[in-house]
Amino acid sequence: MFSKYKPTWMVEAIYQITPEHCHSLGIKAILTDLDNTLIAWDNPDGTEELRHWLEGMQAAGIPVIVVSNNSHDRVSEALKFLNLEFIPRALKPFTRGINQGVKRLGLTKDEVIMVGDQIMTDIKASNTAGVRSVLVKPVVETDSWKTQFNRFMERKIMRYLKSKHPDMVWQGELK
40 MFSKYKPTWM VEAIYQITPE HCHSLGIKAI LTDLDNTLIA WDNPDGTEEL RHWLEGMQAA
100 GIPVIVVSNN SHDRVSEALK FLNLEFIPRA LKPFTRGINQ GVKRLGLTKD EVIMVGDQIM
160 TDIKASNTAG VRSVLVKPVV ETDSWKTQFN RFMERKIMRY LKSKHPDMVW QGELK
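Per my numbering: the sequence shown = residues 40 to 214.
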């Protein structure tokens with residue numbers, strides 16, 4: 040019943056995904072959520088650590104595309120200093136945005152991962168689309184009012200999943 044919510048991997052932050060891990064797992068591109076995955080939802084400037092991570096991915100030839108449920112204007116404004124491609128109004132937990140990202144990259148679904156901080160949107164959309172998923176801890180512990188209900192439900196689903204899958208633990212890297 041909840042198998043679509045089970046992430047392929049769980050790492051504490053997107054920065055723990057390295058080009059070396061990607062290459063060893065056949066990952067050629069990264070799709071990622073925006074708010075509380077790349078940047079704090081209430082602070083769109085990003086961090087130096089994020090810029091360094093993006094530079095490393097770019098140098099390794101691993102494109103990063105943001106797949107967000109936010110509007111074009113919101114995502115464009117948030118990413119104006121990061122020079123990233125994006126897909127707005129992705130409609131997660133549906134597969135629309137994930138499928139658009141894979142198609143834009145011209146890769147197979149096995150060559151792409153989706154990274155996000157929410158199992159009810161990012162992970163479910165990714166798994167339903169047939170793309171490996173990475174759950175990360177939110178960048179900040181607060182959420183916009185739109186996300187608070189999802190977090191409540193997410194805690195219940197995570198408890199259930201962890202009871203059925205004791206291997207669901209936070210890792211320091213993709214394994």
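Where a beta carbon is used, it is the ideal one built from N, C-alpha and C, also for glycine.
Candidates the options: closest to residue i by CA position
i      : options                           : result
Ile216 : Val151, Lys203 and Gly169         : No answer is possible for residue 216: the residues shown for the chain start at 40 and end at 214.
Arg143 : Pro46, Ala98 and Ala68            : Ala68
Glu51  : Ile78, Glu87 and Asp156           : Asp156
Ala79  : Val178, Ser202, Ile53 and Gln139  : Val178
Met96  : Asn75, Ala117, Gly85 and Ile56    : Ile56
Leu130 : Val114, Pro205, Ile53 and Thr160  : Thr160
Gly136 : Ala117, Glu116, Thr167 and Leu121 : Thr167
His62  : Val175, Ile126, Ala98 and Ser202  : Ala98
Asn189 : Gly85, His60 and Ile158           : Ile158
Classification of residue i by the beta-carbon crowding that lies within 10 angstroms, buried from 16 upward
i      : result
Arg26  : Past the boundaries of the shown model lies residue 26; the chain is included only from 40 to 214, so the question cannot be answered.
Glu193 : buried
Tyr44  : buried
Ser107 : buried
Val141 : buried
Val208 : exposed
Asp149 : exposed
Ser110 : exposed
Gly145 : exposed
Lys195 : exposed
Asn138 : buried
Ser165 : buried
Lys119 : exposed
Asn75  : buried
Check: residue i C-beta below 8 Å from any heavy atom of the ligand SAM
i      : result
Arg128 : Among the ligands in the structure shown, none appear at all, so the ligand SAM cannot be discussed.
Supposed close pair residue i, residue j - CB separation, criterion 8 Å
i      : j      : result
Glu124 : Ile104 : 5 Å
Trp48  : Leu213 : 5 Å
Val114 : Leu73  : 6 Å
DSSP bridge partner residues for residue i (one or two, in chain order)
i      : result
Thr76  : In the DSSP output, where bridge partners are listed per residue, Thr76 has none listed.
Phe125 : Val105
Thr71  : Val105 and Val154
Arg171 : Ile152
Val50  : Val175 and Gln210
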